[in-house]
Amino acid sequence: MIFVSTLEIIPGNTDKALELVKKVVPPEDIKILHFLQMFGKPDFYLIFEAPNEEKAMDFILEFSPFLESSTQLGVPVEEL
């Protein structure tokens with residue numbers, strides 16, 4: 277399953293958020309496809325594969341102390 281998350285730095289947490297995203301190590305069953313810093317909002321896009329929604333949620337919650345997130349399930353167009 278492919279997930280697309282937007283991440284926005286919580287005000288006052290810029291340094292801690294940047295340190296976290298630079299050092300993120302996903303669990304063995306999570307594969308990061310793209311992790312992009314944006315010029316503007318949101319601050320980051322994180323596109324990753326996870327075996328199910330529960331594993332995706334557990335992974336994205338690692339960012340919650342310093343970043344607000346929104347995550348959607350992505351479906352490749354060729355699978356429509």
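Counting from 277, one number per residue, gives the positions in the sequence shown under our numbering. Note that CB positions come from ideal geometry on N, CA and C, so glycine has one too. It should be emphasised that the depicted structure is a prediction, and the values quoted were computed from it without experimental measurement.
According to the neighbour-count rule (16 or more other Cβ atoms, all chains shown, within 10 Å of its Cβ), is Asp336 buried or exposed?
As a working note, residue 336 is residue 60 in the sequence shown. As written in the sequence, residue 336 is Ile, which differs from the Asp given in the question. When all chains shown are included, Ile336 counts as buried.
My assumption, with CB atoms under 8 Å, is that Ile323 sits in contact with Leu309. Please give the rounded CB distance.
Within the sequence shown, residue 323 is the residue found at index 47, counting from 1. Within the sequence shown, residue 309 is the residue found at index 33, counting from 1. Rounded, the Cβ-Cβ distance is 5 Å, consistent with contact.
Buried/exposed call for Asp319, threshold 16 Cβ in 10 Å
In the sequence shown, residue 319 corresponds to position 43, counting from 1. It counts as buried.
Can you find the residues in the same chain that come closer than 6 Å, C-beta to C-beta, to Ala332, ignoring five residues on each side of it along the sequence?
Locating residue 332 in the sequence shown gives position 56, where the first residue counts as 1. Closer than 6 Å at the Cβ level, and outside the excluded window around Ala332, lie Phe279, Ala326.
Can you give me the Cβ contacts of Phe311 inside the same chain, cut-off strictly under 6 Å, excluding the 5 residues immediately before and after it?
For this step, residue 311 is matched to residue 35 along the sequence shown. These residues qualify, in order along the chain: Leu322.
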